[in-house]
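> Every position in the sequence shown, counted from 1, becomes a number in the UniProt record's numbering once 13 is added.
The beta carbon of each residue, even a glycine, is placed where N, CA and C say it ideally should be.
Below you will find the structure I want to go over with you.
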Amino acid sequence: NRRGSAFPASHELATGPVKSPPVTVDGFVQEFLSELNYGQGVKLSQSTINDQYLALARTVRSYLMAAWLETGHRRRKNPTKMVAYLSAEYLLGRQLGNALLSTNLISIAEQAMHECGIDIAELRAQEIEPGLGNGGLGRLAACFVDSLATMDVPTIGYGIRYEYGIFRQSFEDGRQVEQPDPWLRLGSPWEFPHPERAVTVGFGGQTEESADEEGRNRCRWTPERQVRGVPYHYMVPGYRNGVVNTLRLWSAEAHEGFDLQVFNSGDYARATQAQTVAENISKVLYPDDSTPQGKELRLQQQYFFVACSLHDFIENTLPGDFDLQNLPKRIIFQLNDTHPVIAVPELMRLLVDEKGFDWDEAWAITQQCFAYTCHTLLPEALEVWPVELLGRLLPRHLEIIYRINDDFLAQVREAFPGDEWRVRRMSIIAEHPQRSVRMAFLATVAAVKVNGVAALHSQLLRDNVLPDFAELWPEKFTNVTNGITPRRFVRLANRRLSGLVTEALGTEEWVTDLDLLRGLEPLADDAAFREQFRQVKAANKNRLALVLEGRDGLVLEQDHLIDVMVKRLHEYKRQSLKLLHVVSLYEGVRSGRLPIERVTPRTVLFGAKAAPGYHLAKETIALINHVAAVVNEDPIMQGRLKVLFPANYNVNLAEKIIPAADLSEQISLAGKEASGTGNMKFALNGALTIGTDDGANVEIRQLVGDDNFFLFGLSEPEVEALRKEGYVPSSYYEQDPVLRATLDLIGSGHFTNGSRHSAAAVVDNLLHHDPFMALADFQAYLAAQDRVDEAYADQDAWSRMAILNVARCGFFSSDRSMRDYLDKIWHA
Ligand code: B1H
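See the structure below:
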């Protein structure tokens, strides 16, 4: 009913072609007051901070609205191939600052609020960030949609509007406690619900075959229950380019028909129960980063958002008369890891069962519509769904997967006759330990391209994770190295560095053309510039100190080397190795092995959430907190070593921490971190990296040069060789007195109130298992930290290195990542 053309063209928009409030302080004030009075229904004197925040947000929104309408209009008028990014996570971070930045309204808004007697910083602090993601994968999706809008690429981001995002972390006796994240409690001014565009999604039930009019066998799926998917739209503003793309997140509601049936039977309690069951689908984000649990509700979430999204694109976004034969000319669905891969059989179902395509025709179309990004190398992170579960929840999809597999295995047999071992290895259906569907294989079979997220990762993906597929289809495999948006993570998070860079380059173009940072290289040799660069860092440390004081009651020593490890807590990332370094310093001073004057004053700053069911990760958090408590109190360190661990690391805190960092810890065991993106954020904010040859560290080091990077540790081939030879962690303990003293001090209960118990989980694991070889890299790590100390002692040399890091890391803009996807994969 919305698409009627029987309206006068003169009344298409409020006034003229576009209507925005005037871009003046007074125009802004008037719009703000109008939002406050007529939107919130309060006078300024009666308004709460939240009223003011909501009015401010709606004011900024109103400046984006015309561009949003125009972008949609332009895209409909001139339809081209679109990108649909399918992702179960978008870790967006706060919206207000980014909206102000993209509209170039920061200073106008500041002045306008000042005129109203309001401190804009207080309103910005009122926003609860949408934490609809776990870590790197979700943040990557947010960076990508930002870049795509800035590059004016027609994009829809599809995902889930979780009612509760990633849990809030607090510490009790040093141990992680999780609280729910009710981010919508005070209302979100950034979302636009569209209940009239709701989509129905089925679950369960039966399939049956019957002949159609032409006598062909057709399958009908009769779901047992249905759920309504309501889309919520979010603006994705491009950077000062008049483009606003759409992020469409789905919220699950009870399906009326279903509800009422039960209600009419008189069982009211059961009717509301049905509602609860339906709403549970989008209730909460699964908090497992990199290790998916095969939970039924999770598969429901995945199918729910993917079914809504495909339906939405085909039925509501394409014109009504569209010939689906041409679908690949109009869309590419980018699969963000395996989480949305159930979209493959869903598109087949739509084409074959609902649109009447022959199987082969449908498969030819489907095979051109998907591309798959793998984000991991850890075998436990590769999603598999038990056939029993998938068949119960999505019986028709299971049939389709079986048929895709049959056809695929026939192809394998043809290419490799008589090689039944290979057939078994490559089957989409695994037989052991239980019959299940390997989602990464399904994605690889269906996709036009399969990519890893850093050069090393893409190579290991071909060689180790999917070698049979790479042999069959070498041209399918490619690399796109991750990137980060310079808008949020430099321009917005580091206003001071941005000002310095703009002044030095004489232009602000670098914000959308990050390679221009190369122009800073000569300034690394300019003493005055280095001094300014250091002043920026000092001011950022000061800002961080204020944040940590207010938020956590922590005191940051601003004259310390700020040594930062922020990322999800995972064994392979090796927070425990960082902790061993800390304890080795402390133990060295206590035992007299290390003269206190030789210890560079440093603050080690941790930020990390552990998956709630990940026991060892939670023990590691507790141990870090216990070590912090003891080290920070012991006068023996004389303010030379401090450990800070603010709770609830999130995007907002990242924006404060990263610009203040001197040293970036990227110390995963080589071959385990697919890419990392925090590493890029630090380098671009002028921190130096101490890191292994892993993920995107490899490329960072190549770009900044060996002299400007603290490399240590086993390489990936060395890791493999050591594992083959038989890795015995305790042998390192026996041979290295420093390591022994360090582990012994932890094991003695020194940090855990005399109790060996709570330290034992971590220490015993290191001594007897250590699957990520922290002990093997310990000595090399300490030696690299000595090189850090030495380099830091010469502040001028350090600044030079840091400036070169900034100048040479323009490659890591997510704009470049998007160009690579466009050139190598999407051709949109
Ligand atoms: C990454 C995940 C991930 N890889 C499962 N895999 C999840 C897997 O909810 N789950 O079940 C959630 C997340 N996340 C990360 O992706 C990699 O570890 C990083 O190295 C990489 O930088 C990032 C973006 O590519």
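1) Once DSSP output is grouped into helix, strand and coil, what is the label at residue 7?
2) Return the CA-CA distance between T705 and A820, expressed in angstroms with no decimal places.
3) Less than 6 Å between C-beta atoms, sequence neighbours within five positions excluded: which residues of the same chain meet that for R504?
4) Below 8 Å, can you find three or more Cβ-Cβ pairs linking the segment 359-375 to the segment 168-180?
5) What's the gap between the Cα of D526 and the Cα of D481?
6) Within 10 angstroms of its Cβ, does V36 collect 16 or more other Cβ (buried), or is it exposed?
7) Give every residue of the same chain whose Cβ lies closer than 8 Å to the Cβ of R642, excluding the five residues on either side of it in the sequence, and list them in chain order.
8) Sort A551, G708, N258 and S826 by Cα distance to G496 and report the nearest one.
9) Rounded to whole angstroms, how far is the Cβ of P672 from the Cβ of D565, which I believe are closer than 8 Å?
10) Decide yes or no for the touch test of the segment 379-395 against the segment 442-459: beta carbon pairs closer than 8 Å, at least 3 of them.
11) Over what stretch of residues does the beta strand (DSSP E) that includes I816 continue unbroken?
12) Please state the DSSP three-state secondary structure of N117.
13) Tell me whether the beta-carbon of V243 lies closer than 8 Å to the beta-carbon of E266.
14) Is N147 near the ligand B1H, in the sense that its beta carbon is under 7 Å from a heavy atom of that ligand?
15) Using a Cβ-Cβ cut-off of 7 Å (strictly less than) and excluding sequence neighbours within five positions of M164, which residues of its own chain qualify?
16) Please classify Y627 as buried or exposed, where buried requires at least 16 neighbouring CB atoms within 10 angstroms.
17) Looking at Y834 and the ligand B1H, is the gap between the Cβ and the nearest heavy atom below 7 Å?
18) To the nearest angstrom, how far is it from the Cα of D707 to the Cα of N665?
19) Need the endpoints of the alpha helix (DSSP H) that V711 sits in, please.
20) Using the three-state DSSP reduction, which class does H840 fall into: helix, strand or coil?
21) For a test of the three-state rule: what should DSSP assign to V640, helix, strand or coil?
22) Express the C-alpha separation of G532 and R448 in angstroms, rounding to a whole number.
23) Between the alpha carbons of L607 and W811, how many angstroms are there, rounded?
24) Below 6 Å CB to CB, which residues in the same chain sit around L109 once its five sequence neighbours on both sides are set aside?
25) Going by C-alpha to C-alpha distance, which of S100, V602, P353 and V801 sits closest to W398?
26) For a test of the three-state rule: what should DSSP assign to P93, helix, strand or coil?
27) Measure from the alpha carbon of Y794 to the alpha carbon of each residue in S761, P742, M361 and L727, then state which is nearest.
28) Just to confirm the assignment, what range does the beta strand (DSSP E) spanning Y247 have?
29) Beta carbon of G144: closer than 7 Å to some heavy atom of the ligand B1H?
30) Give the DSSP-derived three-state secondary structure of N14 in the structure shown.
31) Consider the C-beta atom of G739 and the heavy atoms of the ligand B1H; say whether any pair is separated by less than 7 Å.
32) Only counting the same chain, and skipping five residues up and downstream in sequence, which positions put a Cβ closer than 8 Å to that of A27?
33) Can you tell me whether DSSP reads I680 as helix, strand or coil?
34) Are the segment 307-322 and the segment 211-226 touching by the rule of at least three beta carbon pairs closer than 8 Å?
35) Any heavy atom of the ligand B1H within a distance shorter than 7 Å of the CB on V466?
36) Could you check if A810 belongs to the surroundings of the ligand B1H, using beta carbon to heavy atom distance under 7 Å?
Quick look at the numbers:
1) Here the chain has residues from 14 to 841 only, and residue 7 is not among them.
2) As a working mapping, residue 705 is identified with position 692 in the sequence shown. As a working mapping, residue 820 is identified with position 807 in the sequence shown. The alpha-carbon atoms of T705 and A820 are separated by roughly 22 Å.
3) Walking along the sequence shown from the start, residue 504 turns up at place 491. Result list for R504: S511 and V524, in chain order.
4) Counting Cβ pairs under 8 Å, fewer than three are found: no touch.
5) On the sequence shown, position 513 is the one that residue 526 refers to. On the sequence shown, position 468 is the one that residue 481 refers to. Distance from the CA of D526 to the CA of D481, rounded to the nearest whole angstrom, comes to 39 Å.
6) As a first step, residue 36 is located in the sequence shown; it is residue number 23 there, counting from the start. Result: exposed.
7) Counting from 1 along the sequence shown, the entry for residue 642 is found at position 629. The amino acid at residue 642 is misidentified as Arg; the sequence shows Ala. Answer for A642: G187 and F764, listed in chain order.
8) In the sequence shown, the residue the question calls residue 496 occupies position 483. Checking every option, the nearest Cα to that of G496 belongs to S826.
9) Taking the first residue of the sequence shown as position 1, residue 672 is located at position 659. Taking the first residue of the sequence shown as position 1, residue 565 is located at position 552. About 18 Å separates the two Cβ atoms, so there is no contact after all.
10) These segments touch.
11) Here the question's residue 816 lines up with position 803 in the sequence shown. Per DSSP, I816 belongs to no beta strand (DSSP E); it is in the alpha helix (DSSP H), Q808 to R821.
12) As a first step, residue 117 is located in the sequence shown; it is residue number 104 there, counting from the start. If DSSP states are grouped into helix, strand and coil, N117 belongs with coil.
13) On the sequence shown, residue 243 is found 230 positions in, with the first residue counted as 1. On the sequence shown, residue 266 is found 253 positions in, with the first residue counted as 1. Between V243 and E266, the CB-CB gap stays under 8 Å.
14) Counted from its first residue, the sequence shown places residue 147 at position 134. Distance from the C-beta of N147 to the nearest heavy atom of the ligand B1H is below 7 Å.
15) To locate residue 164, count along the sequence shown from 1; it is residue 151. Here the set comprises D828 and M831.
16) Along the sequence shown, read from residue 1 onward, the residue named residue 627 stands at position 614. Counting other Cβ atoms within 10 Å of its Cβ, Y627 reaches 16 or more and is therefore classed as buried.
17) As a position in the sequence shown, residue 834 is number 821, starting the count at 1. Relative to the non-hydrogen atoms of the ligand B1H, the Cβ of Y834 never comes closer than 7 Å to any of them.
18) Residue 707 sits at position 694 when you count from the first residue of the sequence shown. Residue 665 sits at position 652 when you count from the first residue of the sequence shown. Computed Cα separation, rounded: 26 Å.
19) The residue you call residue 711 lines up with position 698 of the sequence shown. Segment N710 to V717, the alpha helix (DSSP H) holding V711.
20) The residue you call residue 840 lines up with position 827 of the sequence shown. In the three-state scheme derived from DSSP, where H, G and I count as helix and E and B as strand, H840 is classed as coil.
21) Walking along the sequence shown from the start, residue 640 turns up at place 627. Here V640 sits in helix by DSSP.
22) Counting from one through the sequence shown, the residue named residue 448 turns up at place 435. Counting from one through the sequence shown, the residue named residue 532 turns up at place 519. About 57 Å.
23) By 1-based counting over the sequence shown, the position of residue 607 is 594. By 1-based counting over the sequence shown, the position of residue 811 is 798. Each residue's Cα considered, the two are about 24 Å apart.
24) Mapped onto the sequence shown, residue 109 falls at position 96. Answer for L109: A70, R137 and E140, listed in chain order.
25) As a position in the sequence shown, residue 398 is number 385, starting the count at 1. It is P353.
26) For this step, residue 93 is matched to residue 80 along the sequence shown. A small fix is needed here, since residue 93 is Thr in this sequence, not Pro. In the three-state reduction of the DSSP assignment, T93 falls in the coil class.
27) For this step, residue 794 is matched to residue 781 along the sequence shown. The shortest C-alpha to C-alpha distance from Y794 to any of S761, P742, M361 and L727 is the one to L727.
28) Here residue 247 refers to the residue found at position 234 of the sequence shown. Looking at the DSSP string, the run of the beta strand (DSSP E) that includes Y247 is R238 to P250.
29) Taking the first residue of the sequence shown as position 1, residue 144 is located at position 131. No, the beta carbon of G144 sits no closer than 7 Å to any heavy atom of the ligand B1H.
30) The sequence position of residue 14 within the sequence shown is 1, counting from 1. Residue confidence is low: N14 scores 41 on pLDDT, short of 50, so the model does not pin down where it sits. No coordinate-derived value is stated.
31) On the sequence shown, position 726 is the one that residue 739 refers to. No - the ligand B1H has no heavy atom lying nearer than 7 Å to the Cβ of G739.
32) Here residue 27 refers to the residue found at position 14 of the sequence shown. Sequence-distant Cβ neighbours of A27 in its own chain, meaning closer than 8 Å and more than five residues away, do not exist here.
33) Numbered from 1 along the sequence shown, position 667 holds the residue referred to as residue 680. DSSP places I680 in coil when its eight states are reduced to three.
34) In short, these stretches touch, since the Cβ pair count reaches three.
35) As a position in the sequence shown, residue 466 is number 453, starting the count at 1. At least one heavy atom of the ligand B1H lies closer than 7 Å to the C-beta of V466.
36) Working through the sequence shown from its first residue, we reach residue 810 at position 797. Because no heavy atom of the ligand B1H lies under 7 Å away, the Cβ of A810 does not count as near it: no.
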